[in-house]
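Below you'll find the structure, written out as structure tokens, and then a few comments.
There are 2 protein chains.
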Amino acid sequence: MTATTSLQIARAATLKPIEDVADMMGLGRHLLDPYGTGVAKIDLAAIDELADRPTAKYVVVSAVTPTPLGEGKTTTTIGLGQGLNRTGRRAVIAIRQPSLGPTLGIKGGGAGGGRSQVLPMERLNLHLTGDMHAVTAAHNQLAAMIDNAVFRATTSDLDLDPAAITWRRVLDVDDRSLRNIVLGLGGRGDGVPRQSGFDITAASEVMATLALSRSLRDLRDRLGRIVVGYTRGPRPRPVTAEDLHAAGTMTVLLRDALKPNLLQTHENTPALVHCGPFGNIATGNSSVVADLIGIHGGDFLVTEAGFGADMGAERFFNLKCRVSGLTPDAAVLVTTVRALKMHSGRHKVVAGRPLPAELLAENPDDVYAGADNLRKQIDNIELHGVTPVVAINAFGDDHASEHAAIRDIASRAGVRCAVSTHFTDGGAGAAELADAVAEAAAEPNDFGYLYSTEVDLWKKIETIATRVYGADGVDYSADATKSLQRYTRFGWGGLPICMAKTHLSLSSDPTLRGAPIGWRLPVREVRASVGAGFIYPICGQMQTMPGLGSDPAAAHIDIDEGGNTVGLF
Amino acid sequence: MTATTSLQIARAATLKPIEDVADMMGLGRHLLDPYGTGVAKIDLAAIDELADRPTAKYVVVSAVTPTPLGEGKTTTTIGLGQGLNRTGRRAVIAIRQPSLGPTLGIKGGGAGGGRSQVLPMERLNLHLTGDMHAVTAAHNQLAAMIDNAVFRATTSDLDLDPAAITWRRVLDVDDRSLRNIVLGLGGRGDGVPRQSGFDITAASEVMATLALSRSLRDLRDRLGRIVVGYTRGPRPRPVTAEDLHAAGTMTVLLRDALKPNLLQTHENTPALVHCGPFGNIATGNSSVVADLIGIHGGDFLVTEAGFGADMGAERFFNLKCRVSGLTPDAAVLVTTVRALKMHSGRHKVVAGRPLPAELLAENPDDVYAGADNLRKQIDNIELHGVTPVVAINAFGDDHASEHAAIRDIASRAGVRCAVSTHFTDGGAGAAELADAVAEAAAEPNDFGYLYSTEVDLWKKIETIATRVYGADGVDYSADATKSLQRYTRFGWGGLPICMAKTHLSLSSDPTLRGAPIGWRLPVREVRASVGAGFIYPICGQMQTMPGLGSDPAAAHIDIDEGGNTVGLF
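Structure, rendered in structure tokens:
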């Protein structure tokens, strides 16, 4: 890479017309709605039209428990797609849409980087085709209709208890000041005062619902099932978006947002970019509909799942695949030298600060000392009957002995391993990984869900906690127990589980490294995303509205003399 | 119209490919970014590329003081464009983008209706190309950066007084509960509590700024000048978006939103749809850049100005034309039988209720009794040296004698008049109006601004109040006087004025009909939109965040069995 920046690489790339990219997937022009240069929405009719084409091998990209910097799942997904194409296989990739808040906050863009980027990166990192904003609009329209019912006292028709409203508002911005507010202040005509707040749009149940819908009708039905609060009295019942007559409008606001966006990588690999549900409290996976289209778009569909394998991949298997009906053929576990060194417990990695010199020094022993995390995440893939492939996402300051250590750990676990230099070298740098993934995906498939939805909510939670996280058991607060009982009574006992746990540890304590043992998972609270279709136990403090740092990315973004965007990447 | 609905007409229309529509304006494909079927954004390079083509006649569409139902300015703008085309002239129209809040609230869509519609109406009425959402994002990013400065106490670097922050937040929704809030509640990490609130996105200064910018660079500079609050101490100074390092990011968030959107009417007339600044507190006019492109796109550019001629047209002449440098050749004054009958003071028109039977009964005397309003609005056009044309927007329950009365009133005022049945008949119904407008626009032009920006703020306000509104003078509150003194000291005395007055009367009292005399204009408060580039005196209560009604439009919008949108129109 030397002095070449991601932005320079992006500017130097030659994009194909998006119609040609679609053609590589077998998508005719009648299925495309172009949205500016290099971007098109895909009509959902594509799902049926492509159904007779061969089914691609389905590969999910997950990771070891990451450092706060992230280990490069998105660049690996992009690089692997390019690598498969370079080695003669036709691949399509599927990733999430980045969220504007973090992009303008601390994180920077979510379009990959170096020679593994999705382009046009500026569009991708900003509004793209407006899907995020459509989610914001649909979510807040429901909120306005709730407070309008409170204002007009028509809540009495519904028996909705204003003190039991759980639906908040959302904005795609990092703005801690909106976390907790009192609204409805002012005069008699300005609403009824009550406490509420804003989450970031990615954390909206509407986003999770959009990502888990199979069709426009399915979306309509799910939105109607969204629970916004509860009735008054000793035996409260749920009140839904349907009860408020809001689900139809929400569907209409989302009808274009339900269509996946087609872009391309730096090397012209088709890239589906669709939905961005928050990883902390929702699935952290891109959309079902994007994968239902992509699965017939080539020889391989490479899809990314957020966070480590205990989080994103577990939800991919048990939530997303359960909805889509698709069966994964292989799972990539992105691993870095720095992550395993961190898991040794001997080094600390802090977001926004340079890596410590001791961590960068050659030391394969530290890599071995952090291997428990990799081994446990390998187990977490194999638990679902899927073949893992360890991908070493290589950094310039890695040492060969450290890569050798990771290869050795993988080999002892009986798992394929490849070094990938896709960031520096693009698809050519991911050729070894592409071959390993192709071999793994060719093996007989034994995929199965971790749990049946027919077992009760407690059993489902305990299965994930003990088998995936390595906990000895689960401790429920009184509040959590009450919620689980209530949800069971409401008939939601058959929903799957989306655990809201820190992604920075296999345990619920973000400071614990490696593969912690001898601990129990505390469930403080349990919430229901009935529209999206899951129950989510809260294990620890989950932040659903980020704040800006002391020197946010936004303060450095501008246009230059020629009108070009600078500072975004 | 009989039983044919606007929606049926829209569905039956044959849209041309948007590239062909652009071609009618001389816009090559290299200047277009298609955004879904039937919609494209136009690159601002078009302003220079088209500059050598002939300049169109520039026609602004305004109205008498409207009833709360509106008198059909948008349908007349569309119908006139179609009528000009039908009568052998090449026309382009320019309208504002409807706001999602009112569309889902009480108002219904803003895409015209009947046989004078802009299509695709569903796209137009919902997200279109996301410009509204981009304004929301840019506005709220600045808000987040302000509260981040408060939280981090870096306001001390700027000396920003947290109690003197004037920048609120915005959302494109009707939500009275957000008008007045306390934010920053919660724990120590959740910001600093203070009072604030949300306006609807159309009321954002960012929207007004976008509409009044001539180029990306101009937008960047204006955004930097936005004042968000004031410093501490006895002689406060303004603090700007530039001081907060937010203007660059805001520009980048708005770079696509600055490009006008091209759609077409039901009869394939090119339609520029761009920006939607609130009429109450901002210009209520579509964008300068749309008109700078449209002015070279045919023989006529028909552009709409919100509210009556005292409001939208006055701002069009003195704010928008001052920025664009364009010179209007004629002004259409949309007039209805019902509006003049209301101005007689003998009838009441209430939004959301059917017109009273007495108003609908044949009665030309009532029309004559309301003529003062029409005469005064004719004066308001002629004050600026522009030739008015009275357009009678015909309704099915009008009587010929009533149309004759309006023709007579116009004739006595020496002004052309035409009946237009564009709603029922499309462009064919606007042929008489098209001929009258063409004649008026062919007359020698004597356009001039109402006031020089060099006179002081008091003098500018008084000129508008006395000459346009017919007031005897202006009464300033102590607060208003103090603000005007302060703004003059800050060097803003040279800015033009955007009066925030009710649109339901020529006076500041919304209940006064006709052309009230013997009254003085009370200025309660004066605010500054330094980025957009105007000072706005507040005369009366201005609502900047609508609320939902008891039976909002949103409750009736849905998808049908076939997945089509229903209930939106």
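As you go down the protein sequences, you meet chains A and B in turn. By our numbering, the letter at position 453 of the first sequence is numbered 453, and the numbering carries on one by one without gaps. In our numbering, each residue's number is its place in the second sequence (first place is 1) plus 1000. No residue lacks a Cβ here, since even glycine has one placed at the ideal position from N, Cα and C.
Under a three-way DSSP split, which group does residue i fall into?
i, result
"His1351(B)", "What sits at residue 1351(B) in the sequence shown is Ala, not His. It is coil, neither helix nor strand."
"Arg1346(B)", "coil"
"Pro277(A)", "coil"
"Phe1534(B)", "strand"
"Lys41(A)", "strand"
"Ile1517(B)", "coil"
"Phe307(A)", "coil"
"Ser1420(B)", "strand"
"Cys539(A)", "strand"
"Asp218(A)", "helix"
"Arg1169(B)", "strand"
"Leu1244(B)", "coil"
"Asn1268(B)", "coil"
"Pro102(A)", "helix"
"Tyr1451(B)", "coil"
Measuring CA to CA, which of the options is closest to residue i?
i, options, result
"Lys1320(B)", "Leu1253(B), Gly1429(B), Cys1275(B)", "Cys1275(B)"
"Ala94(A)", "Asp365(A), Pro102(A), Leu100(A), Gln117(A)", "Gln117(A)"
"Asp1299(B)", "Val1135(B), Ala1313(B), Val1170(B), Ala1442(B)", "Ala1442(B)"
"Glu462(A)", "Arg486(A), Ile497(A), Phe490(A)", "Ile497(A)"
"Leu1292(B)", "Ala1305(B), Ala1478(B), Tyr1058(B)", "Tyr1058(B)"
"Phe1396(B)", "Met1024(B), Phe1423(B), Gly1101(B), Gly1427(B)", "It should be pointed out that residue 1396(B) corresponds to Gly in this sequence rather than to Phe. Here the closest residue by C-alpha is Phe1423(B)."
"Ala1246(B)", "His1139(B), Ala1164(B), Thr1283(B)", "His1139(B)"
"Thr1014(B)", "Thr1037(B), Gly1473(B), Arg1090(B), Pro1354(B)", "Thr1037(B)"
"Arg1053(B)", "Val1039(B), Gly1101(B), Gly1297(B)", "Gly1297(B)"
Say whether chain B places a C-beta atom closer than 9 Å to the C-beta of residue i.
i, result
"Lys16(A)", "no"
"Ala247(A)", "yes"
"Ile557(A)", "yes"
"Pro162(A)", "no"
"Thr209(A)", "no"
"Ile181(A)", "yes"
"Met1(A)", "Unreliable placement is indicated for Met1(A), whose pLDDT of 39 sits below 50; no coordinate value is reported for it."
"Asn380(A)", "no"
"Gly195(A)", "Reading the sequence as shown, one finds Gln at residue 195(A) and not Gly. Yes, Gln195(A) lies at the interface with chain B (some Cβ there is under 9 Å from its Cβ)."
"Arg524(A)", "no"
"Ser177(A)", "yes"
Please report the Cβ distance between residue i and residue j, rounded to the nearest whole angstrom; I am assuming they are in contact, meaning their Cβ atoms lie under 8 Å.
i, j, result
"Leu548(A)", "Met1145(B)", "7 Å"
"Thr1076(B)", "Val1061(B)", "6 Å"
"Ile1406(B)", "Leu1340(B)", "7 Å"
"Asp1147(B)", "Tyr1230(B)", "With 8 Å as the limit, Asp1147(B) and Tyr1230(B) do not qualify as a contact, their Cβ atoms being about 16 Å apart."
"Asp1558(B)", "Gly248(A)", "3 Å"
"Ala1528(B)", "Ile1535(B)", "5 Å"
"Val288(A)", "Ala211(A)", "7 Å"
"Gly224(A)", "Thr240(A)", "6 Å"
"Gln1097(B)", "Met1121(B)", "Actually they are not in contact, since the Cβ atoms of Gln1097(B) and Met1121(B) sit about 12 Å apart, beyond 8 Å."
Please confirm whether residue i has its beta-carbon closer than 9 Å to some beta-carbon of chain A.
i, result
"Ala1137(B)", "yes"
"Lys1460(B)", "no"
"Arg1169(B)", "yes"
"Gln1141(B)", "yes"
"Phe1278(B)", "no"
"Arg1255(B)", "yes"
"Asp1147(B)", "yes"
"Lys1073(B)", "no"
"Phe1317(B)", "no"
"Leu1124(B)", "no"
How far does the alpha helix (DSSP H) with residue i in it extend, from its first residue to its last?
i, result
"Leu1210(B)", "1205 to 1211"
"Thr231(A)", "No alpha helix (DSSP H) holds Thr231(A); the beta strand (DSSP E) holding it covers 227 to 231."
How would you write the range of the beta strand (DSSP E) that residue i sits in, first residue to last?
i, result
"Lys57(A)", "57 to 63"
"Phe1198(B)", "1198 to 1200"
"Arg527(A)", "525 to 529"
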